[in-house]
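Okay, so the sequence shown: first residue is 273 according to our numbering, each after it adds one.
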Amino acid sequence: MQLNHIFVRPVLHTEEEQFKDLMTAHHYLGFCPKIGETAWYVAVYEDHWIALISFSVSALKSEARDKWIGWSHRNQFGRLKLVVNNNRFLILPDYHFKNMASRVISQCLKRLNSDWLDLFGHEILLVETFVDPNRFQGTVYKASNWHYIGNTRGFKRAKKAYLCVSSPKMIFVKVLRKDARKVLSHSILDKTFQIGTPKMTLAVEHMRSLPDFFKNLPDPRRSQGQRHQLHTILALAAGAVLCGMIGYKAISDWVNGPGQKARIRFACYYQNGKYIVPGESTIRRALISVDPDELEKALQCWNDTYSIQDESLAIDGKVMRNAIDSDGNQTHILGVVGYNTLISYGKKNWNHPNK
273 MQLNHIFVRP VLHTEEEQFK DLMTAHHYLG FCPKIGETAW YVAVYEDHWI ALISFSVSAL
333 KSEARDKWIG WSHRNQFGRL KLVVNNNRFL ILPDYHFKNM ASRVISQCLK RLNSDWLDLF
393 GHEILLVETF VDPNRFQGTV YKASNWHYIG NTRGFKRAKK AYLCVSSPKM IFVKVLRKDA
453 RKVLSHSILD KTFQIGTPKM TLAVEHMRSL PDFFKNLPDP RRSQGQRHQL HTILALAAGA
513 VLCGMIGYKA ISDWVNGPGQ KARIRFACYY QNGKYIVPGE STIRRALISV DPDELEKALQ
573 CWNDTYSIQD ESLAIDGKVM RNAIDSDGNQ THILGVVGYN TLISYGKKNW NHPNK
């Protein structure tokens with residue numbers, strides 16, 4: 273067999289039944305129906321089908337994969353569409369030739385990203401697959417420069433729960449861009465790939481109003497060397513949190529995003545013909561040093577001003593374990609978030625029994 277005469281193409285609609293029948297007959301797991309975004313491929317040699325490949329949605333949860341990527345639990349669900357799963361790979365009988373499998377998977381990956389863009393309107397960054405070590409060693413994937421990153425925990429997803437299976441699977445991944453891990457784990461997803469991620473933004477009115485609510489807060493910082501006003505720093509930090517950022521690094525990444533017009537609205541520092549924003553260390557020091565009660569009051573005032581925009585509220589509460597007051601009552605915490613604005617209306621504590 274001449275390997276350079278092998279080519280891979282998508283399965284045509286009129287060929288899908290043939291694809292299903294062959295996969296059912298020859299793959300040890302049988303045929304896997306289409307789940308969400310799915311692409312089927314066939315490898316052809318001299319007009320003969322020699323291999324079948326299927327790609328579908330990525331695993332919802334995979335501890336080894338998630339640690340390897342480095343994304344947060346908050347971000348991963350909006351970015352799972354950027355990862356696809358190679359859930360079936362079948363070499364048909366009579367075509368098991370040396371180096372053929374790696375040739376087929378390599379040819380498929382070369383076109384996978386552009387095909388996904390044509391089919392589903394977005395690019396992908398990473399491909400994953402699970403290999404049963406009781407049957408295979410992942411030789412094809414190793415030869416094609418996939419990375420082994422660990423094993424599954426031995427569970428599979430069912431309709432209403434996760435079921436324990438006898439054999440954990442080996443996990444292999446293949447990046448389609450060199451910076452795939454960086455893009456997927458970054459606190460702010462590049463606009464090019466924002467397809468399943470909620471786009472939380474601030475209106476112009478909100479940008480302009482935020483600094484005013486913090487102007488009366490006492491500034492605990494030393495006056496020497498100050499460039500950025502406290503109300504500007506707090507307004508930028510609040511804007512970042514309102515847009516879903518968590519942690520100083522994520523807040524700082526968001527703060528560096530707004531252009532010059534937005535920075536004017538936040539009353540940013542003007543220097544050498546442009547408006548500049550505070551760095552991560554400046555934001556951290558300001559948030560650590562400011563009076564938390566005064567900060568909470570200012571945020572609550574802003575919430576009260578714009579709360580009329582919410583038609584409904586989402587409420588969630590929990591009991592604080594081991595938080596008992598002097599009267600022996602357990603503390604309950606209630607959180608309230610506006611359905612339309614995503615604004616948090618603070619927390620209230622109840623120390624009364626039966627509440």
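Glycine included, every Cβ here is placed at the ideal spot set by N, Cα and C. Note that this is a predicted model, so its numbers are computed, not measured.
| query | result |
| --- | --- |
| To which residues of the same chain is GLU566 closer than 8 Å at the C-beta, ignoring the five residues directly before and after it? | LEU489 and PRO490 |
| Comparing alpha-carbon positions, which option in LEU474, LEU508 and SER561 lies nearest ILE493? | Correcting the residue type first, residue 493 is Arg in the shown sequence and not Ile. Looking at the Cα atoms, SER561 is the closest of the given residues. |
| Taking SER334 as the reference, give the member of ARG425, ILE377, MET273 and GLN379 with the closest Cα. | ARG425 |
| Pop quiz: TYR413 and THR401 are said to be a contact at Cβ under 8 Å. What is the actual Cβ separation, rounded to whole angstroms? | 6 Å |
| What are the uninterrupted segments assigned as alpha helix (DSSP H) that are 4 or more residues long and contained completely in the stretch 546-571, given in chain order? | 552-561 |
| With a threshold of 6 Å on Cβ separation, who are the neighbours of GLY545 within its own chain once the five nearest residues in sequence on each side are excluded? | none |
| On a CA-only basis, which of TRP574, LEU301, SER524 and TYR547 is nearest LYS533? Give me that one, please. | TYR547 |
| Tell me the rounded alpha-carbon separation between VAL283 and LEU398. | 22 Å |
| Going by DSSP in three states, GLN409 sits in which element: helix, strand or coil? | coil |
| Which residue spans inside the stretch 323-362 form an unbroken alpha helix (DSSP H) run of at least 4? | 335-341 and 345-348 |
| Looking at LEU364 and ALA331, is the spacing between their C-beta atoms short of 8 Å? | no |
| ALA507 to ALA586, Cα distance in whole Å? | 24 Å |
| Considering only residues of the same chain and omitting the five flanking positions on each side of HIS624, which have a CB-CB separation below 8 Å? | Low local confidence applies: a pLDDT of 40 at HIS624 is under 50, so the model's placement there is unreliable, and no value is given. |
| Which runs of the alpha helix (DSSP H), 4 residues or longer, sit entirely within the stretch 478-552? | 502-514, 520-527 and 532-537 |
| Here's the rule: buried if 16 or more other CB atoms are within 10 angstroms of the residue's CB, otherwise exposed. What is PHE349? | exposed |
| If you measure from the beta carbon of ARG449 to each beta carbon in chain D, is any gap under 8 Å? | This model lacks chain D altogether; it includes just one protein chain. |
| List the residues that DSSP assigns as beta-bridge partners of TRP312. | SER326 |
| Under the criterion of a Cβ to heavy atom distance below 7 Å, does LEU606 qualify as lining the ligand SAH? | As far as ligands go, the structure on display features none, and thus does not contain the ligand SAH. |
| Do the CB positions of SER328 and ASN357 come within less than 8 Å of each other? | yes |
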